[in-house]
Each structure stands twice: as C-alpha cells, then as structure tokens.
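Written below as structure tokens is the structure these notes are about.
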Amino acid sequence: MGRSFGTAEFLFLLRAIPSTLLLSIGALAGGGIVGLLIAILRITPSRPLRWLATGYIGLFQGTPVLMQLFVTYYGLAVLFKIQVDAWPAVLLAFSLYSGAFLGEIWRGSIEAIPRAQWEAAECLSLSFPKQLWYVILPQAGRISIPPTVGFAVQLIKNTSIAAIIGFVELTRAGQLMTNATFEPMIVYPIVAALYFILCWLLSLLAQTLERRIDAALGIKQNF
Amino acid sequence: MNYIFQFNVVWDHLPELLQGALLTIQLSATAMVLGLCVAVVCAYGKSAGPRPVRWLVAAYIELIRNTPFLVQIFIFYFSLPVIGIRLTANTAALVAMTVNLGAYASEIVRAGIEAIPHGQVEAARALGLKRLHIFRFIIIFPALKTVYPALASQFILLMLSSSVVSTISAVELTAITNSLASTTFRSFEFYFVATGLYLAMALGFRAGLSAIYWAVFQHGRAA
Amino acid sequence: MKIGLRLVILAMLVAMPATLVAPPVRAESTLDKILKEKKIRVAIDVGNPPFGILDKEGQPDGSDVAVARQMAKDMGVELEFVQVPSTGRIPALLAGRADVTIASISVTTDRAKTVMYCNPNGALQIVIFGPRRVAINTPADLVGKRIGITRATLEEATVPKMAPQGTNIVWFDDISATIQAMLSGQVDAVAMTSFAGKTVADGNPDKQIETKLPVTTAFYGPIVRPGDFELRQWINTWLFLNNQNGTLASLYKKYTGLDLPPLPVF
C-alpha cells in the first residue's frame, strides 16, 4: 500500500478497459434486440402495445441508471430466485436501459421514412412484417447509424456507474489504484483521459458517418 | 431460498426518503439555473466570439462530453484538494453538475442561436437597437424558445444523474436510500421505492418545465 | 421350481422391513450443493485492508482472503471469489450470489437478524483516527468536526451512537473513498478498523495519521444464509481445528502483525 503510481498501476487501468468495452458491446447487442422490439411496438396499429412500449421507454428514461442497476442487481435473485453474478446482472441492466434509448432512436428513424415508401410497399402487396423487413428497416437503419453511435458513446460513459456496485471496469480500477497509491490527482485524470480517447474516437466516427449519410441522402450541410 | 418482502420497513422511513427527494430537487434546480447561464455564455462565445474563445469553449465541451460524470465528480472532490482546492461534498456536486450541464446545454443553445435568421439581427441593428438588447430579445429569447424541449430533456437527465453524487458523500435521495438500505438490510425494497420517487420527480420536473415554458414564452404573447 | 419361489418370497419378507427403516431423503443443503458442484463461492471485500486487498498483480489477498483459500482447500472444492464493496457483503450472500461471506463482518445483533454467524475467526478494533493537526482527545472534541465513515460497516453502527450531537458524520460507499476523503482533507477524521488506519498511516508518513479515540472492539466471523446449518457447522468445525493447530493465528499475524486473541465460540 502507498506505492507510487507507475507502469504496473497504469497497466492495471488498461487491463480494465476490455471490461468496459465488453460491457458496452454486450449492452448494445442485448439492447439492440430489445430496442428493435420496442421500436416496432411503437409503430404497431395496436394501441395497448404502443402504450406498453411508451411506458417501457418512459420508465428507463425517467429513472437514474444507478437505480436501475441497484434494482436489477438486488432484485433479480430476490424476485426470480435466480442466482446471478455481477456480469449477467450488470449486462441485463444496461441492455434494458440501452433498449429503451435505442428503441426511441430507431422509432425516430423509422418515422423519418416518407409515407410514400410504406404506400409503395403496400402496393406491392407486402404484409406489414414484410414491409418492415424489406423496405423500411434497411432505409431506417442507415439513418439511425449516427445517433446510435452517439448513444454508444453515452453507454461507454455510463458503464462507469457499474463501479458503484463494485463491478471492476475502468472507473473502479481507478478507485482501486487511488486506494493503492493514494494519488487521486494522478489516477483520476488518467482515467478521464482514457475514457476521452475511447469516446472521442467513437464520436469522430459518428460525425464522419453522419456527414457521409447526409451527403448520400442529399441533405445540405451547415458546416 | 425464500425472501420475504418487507415494504413496511420502507414506509416507516418515508419521511427521510422524501427529505432526500427534496434535497435532490434543490440541488438539481440550482444546477439547472447556473448551468443554463454557463451554457448561454458558452454558446454565444462559441458562435460569435473570437477564435481563442471559440477554441477554449470547444475544448471544454469536448472534455466534458467525452468523460463520465462519475469520474468528473471524483476529480472535483478527491483530486482538487491535492492542489489546494477543497470543496465540500455538496458544493463539489453542484459545481460538477453545473459544469456538466453547461457543456451539454451550450451545444443545444448554440443550435438555437444559429437557427436565428441573420436577417433578424441585421434588421435590429438597422433599427438602432443596442447590442445587449439585440442579444436578449432577438437572439436568446427566440433561441431558447426553439430549443426548449431539448433543454428540458437535458435538465431531466441532469436530475437523474444527480444520483451518483452520493459516491462523494453529497446528501441527496440516493445517499439517504443507501444509508437506510445498509442499516436495515432491505436493499431491494428501498431501491425499488427510491426508483419510483425518481420517476415521480422526473414527471414532476417535466410538468414544471412545461409550465415555465407556458409562462415565459406563451402567456400573453402572440403565437 | 418350488424351492426357488420360496426363496424369493423369503427374501422379499426379509427385505421388506429393511425398506421401512430406510433413512428418509433429506433436502439438498447448501453444503451438499457445494460438495456436489465442487465449488464454493466466497464473497470478499478487496478494498478493506488488511482483511481484503489487491496485491501488485491485482489478485485478491488479505487475512480473510487467505482464510477463504485455506478453507476451500481443506474442503476439497474449487474457490470462486465474489468481489463486493462493503455495502454488498450481506446482500450478495442473501441474494444467493455467494455461499458464505468472509469479509471481517463484525458480530452485531442487528446483523444476526438477517444472517447466521459462524464462530469468529478474528478480532478488530474500531478507532477514530486522523492527521496530527486535528485535535480530538475526547468524544466531546468531535463536535463540529467532519467524521467520515463507510456504509454497511461496524463503524456505521457504532460511531453515531458514541458521537455527541453536533458531530458532522459523512457517509461513503466504500472504504477507499473514506480513506481518500481523509487524505485529501475533505473530512477531519475517519472511523475504521485500527488495521486499515495503520495501513493508511504507514502509507502516508507525511500526513502523520494517528489514532485519536477508540470506539469499540469486536470479533468478526464468516456469515451464511439463515437455514444453512450444515454449512455453518462445517465451517465451525474447520475453524475449531485451525484455531487449535495455529493456522488461523499465523494467517492473522501475517497480515495484521498482531497476535490473534483467544477466539470465543457461540
């Protein structure tokens, strides 16, 4: 204890980055499935289904991520009597959270598709599911890539909250290193810098994609 | 394994939870006001200021937007004292929340400012209005009206993210919930109820912000 | 054949009473499950020196961690650590995430309402300590000072009782935050185990951390879920044997530098 911050400590921080990334990717994958479901529910003709989806989104957008994490972590085993470790609980919580936001993003993308596309698909006598699959979703998917990548950046930052329940990712690694070295002025700014590198690169990617897609869709740019 | 829910323990402590909710509301409302001021200054600086100012504001925004809020509050509370700046927990929380909101909100406000047709400003100058009046009535007021929904969403996000300031011992709803949960060992029940309180506050803030919109931007004005 | 049939009937008549006195089938206990799966999950807190720390390679170490390792070895099962923060030591056990928690959980009657204690495997002292420049010599000196304590610990239960009105108690989620708060001057003093205090003092000689006031002394022990009597009994047996042969004392001394006091049993 009380050792100075050196290479070994920096490597400890670096070794926590895969956990952060893995959690983010896993939550995006899980949340992607949920989000797709939610987005489709939001545009179905059935009103109760729409309300269900809206309620789900409202719940996850109207409560803190930390609370969602606590309730999932402590509640999963209690409610469903399943014994889960930290990874599945955290992954589930972040997937449900991502699902709500991705659902909203993708619904927006779907609704941005001109009505004419729907009508044309109907004229081709495609059923609703087929309209979605062959005509609408491919186009909506392209539009949704920039905001989705933007959300991915948010997600990477939000994984830091898992540190509060002791899950070891980059922020928790920072706490543990601060405790070992007693040098918060060195450790935390380095942790911030590591997040910055991860997020900024991803943000640049999002901006580049946005520009490319805007150009493809013929939208005038304001740069 | 059987778990017997004991929500009655939570109801016994409801006054303390409500006290925590009040503290959250106070902290968030103050940060919203201060953060909005920072945002307006930064937005104006980035859109109309000299190049060093534009660069400085851009750097501030990118720094805040690409690092997690949790790491930011750790730096404000644990790291700054090393260089002599010691903030109390609640002050550090307020400062961090203001700085954080300022960065996100300034981009929103800037979008609103840049949406004002330049003809408006030219006409105002032709009419001999003073610079400050131009800024107040022609630029900021319409800009805020336009971006109000996005700002309101950002405010609610701020209130929800206030839950992580409990980690630096600031006193608000999550901190009080943590203490109650750890002394009664009824973690799930307490976090469940606290989540409900946050949801109620989010809905309340949305209603309150809508009322403010009506009072400031619509009451007694031409549409 | 007549003789064969008679033999069969005779055999059945003999066997029948035997089935009546066969032992009843017992429901599977946690101990049975651990032995069947050949794996025990132990909740530990690696932010709590010297009971649980992370060594240079980032692996769990500490007096309680060492006890857990020895116990799993003697049980002949694989050991899986469930790392939890101080506030998660009991919830992780109750939620089924761990079979036993070995994380210096001091014996208190409040905790005994929700968990079952095994016999103690060590003792600790809660003290208030802080930098030399902060003057705290009697409990009355605490008035107006900011005292940092960690949630879900013995100090959380005891310090508010002995601190007079006017003491500003500040709560943190885990010990590392509490330690950081004191080192950065955010709180005037903290309350935690004397061992943690010694670790902090040794690691920061320039800050001149010293003990100010004792709060309480307590024994700590492993905890299991209510109803896991078989597991508790096995652990108690193991503790008895390893107390007798000096293993517990040597592990304790290795990490705390102190002699293990005589351990009481329930």
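Chains as they are written, first to last, in the working numbering: chain A, 622 to 844; chain B, 87 to 309; chain C, 209 to 474. Every residue gets a Cβ at the ideal spot worked out from N, C-alpha and C, and that includes glycine.
When Cβ atoms are compared, which residues of the region 277-290 of chain C fall closer than 8 Å to chain B?
none
Taking 8 Å as the CB-CB limit, is Ile-298(C) close to chain B?
So, interface residue.
Closer than 7 Å at the beta carbon, the chain A residues around Thr-184(B):
The contacting residues do not exist; Thr-184(B) stays about 18 Å from chain A at best.
According to DSSP, is Val-423(C) helix, strand or coil?
strand
In the region 810-828 of chain A, which residues sit with their C-beta less than 7 Å from some C-beta in chain B, listed in chain order?
Pro-810, Val-812, Ala-813, Tyr-816, Phe-817, Cys-820, Trp-821, Ser-824
Are the CB atoms of Leu-262(C) and Ala-761(A) within a distance shorter than 8 Å?
no
Name the DSSP beta bridge partners of Ile-336(C), please?
Ala-399(C), Leu-421(C)
Quick check on this structure: which residue in Arg-214(C), Thr-425(C), Val-408(C), Arg-249(C) has the alpha carbon closest to the alpha carbon of Leu-301(C)?
Arg-249(C)
Can you grab the Cα-Cα spacing for the pair Phe-626(A) / Lys-216(B), in whole Å?
56 Å
Give the single residue among Asn-444(C), Val-432(C), Leu-332(C), Phe-474(C) whose Cα lies nearest to the Cα of Ala-303(C).
Val-432(C)
Rounded to the nearest angstrom, what separates Val-473(C) and Leu-149(B) at their Cα positions?
57 Å
Could you give the first and the last residue of the continuous alpha helix (DSSP H) run that contains Val-95(B)?
93-98
I want to know whether the region 783-797 of chain A touches the region 276-295 of chain C - three or more CB-CB distances under 8 Å.
yes
Taking 8 Å as the threshold (beta carbon to beta carbon), is Val-388(C) in contact with chain A?
According to the sequence provided, residue 388(C) is Gln. The question's Val does not apply to it. Yes, Gln-388(C) lies at the interface with chain A (some Cβ there is under 8 Å from its Cβ).
Rounded to whole angstroms, what is the Cα-Cα separation between Gly-352(C) and Leu-239(C)?
50 Å
Beta carbon proximity, Glu-364(C) to chain B, threshold 8 Å:
Cβ-Cβ to chain B under 8 Å: yes for Glu-364(C).
If you draw a straight line from the C-alpha of Met-220(C) to the C-alpha of Gly-435(C), how long is it?
40 Å
List in chain order: all unbroken alpha helix (DSSP H) runs of 4+ residues lying wholly within the region 178-214 of chain B.
204-212
Could you give the distance in angstroms between the alpha-carbon of Leu-244(B) and the alpha-carbon of Gln-394(C)?
25 Å
Under 9 Å Cβ-Cβ, which residues of chain A neighbour Pro-101(B)?
The contacting residues do not exist; Pro-101(B) stays about 20 Å from chain A at best.
Under 8 Å by Cβ, that's how I've got Ile-262(B) and Leu-103(B) pegged, so tell me the actual separation to the nearest angstrom.
6 Å
Which residues DSSP lists as bridging Asp-349(C), in chain order:
DSSP lists no partner for Asp-349(C).
Nearest neighbour of Val-692(A), chosen from Ala-783(A), Ala-813(A), Ser-824(A), Leu-826(A) [CA to CA]
Distances from the CA of Val-692(A) to each of Ala-783(A), Ala-813(A), Ser-824(A), Leu-826(A) were compared; the closest alpha carbon is that of Ala-783(A).
Taking the straight line between their C-alpha atoms, what separation do you get for Gln-92(B) and Gly-696(A)?
The straight-line gap from Cα to Cα measures roughly 13 Å.
Straight-line Cα distance separating Ala-306(C) from Glu-245(C)
14 Å
Can you have a look at Gly-465(C) and say buried or exposed, based on whether 16 or more other CB atoms are within 10 angstroms of its CB?
exposed
What does the Cβ neighbour count give for Ser-119(B), buried or exposed, with the cut at 16 atoms within 10 Å?
Reading off the sequence shown, one finds Val at residue 119(B), where the question assumed Ser. Result: exposed.
Tell me the DSSP bridge mates of Trp-379(C)?
Note: Trp-379(C) is bridge-paired with Ile-357(C) in the DSSP secondary-structure output.
Taking Ala-201(B) and Ala-229(B) to be in contact with their CB atoms under 8 Å, please state how far apart those CB atoms are, rounded to whole angstroms.
7 Å
I want to verify the contact list: residues of chain C whose CB lies under 9 Å from the CB of Thr-116(B), in sequence order.
Neighbours of Thr-116(B) on chain C: none; closest Cβ ~21 Å, over 9 Å.
Through-space distance from Gln-105(B) to Ser-265(B), alpha-carbon basis
Cα-Cα distance, rounded: 13 Å.
Are there three or more Cβ pairs, one per stretch, closer than 8 Å when the region 323-343 of chain C is compared with the region 412-431 of chain C?
yes
What's the gap between the Cα of Thr-177(B) and the Cα of Leu-259(B)?
Spanning the two alpha carbons is a distance of roughly 16 Å.
Is Thr-799(A) close to chain C? Criterion is C-beta to C-beta, closer than 8 Å.
yes
Ala-320(C), buried or exposed, once every other Cβ within 10 Å from all chains shown has been counted against 16
exposed
Reference Ile-834(A); option with closest CA among Gln-775(A), Phe-715(A), Arg-763(A), Ile-785(A):
Arg-763(A)
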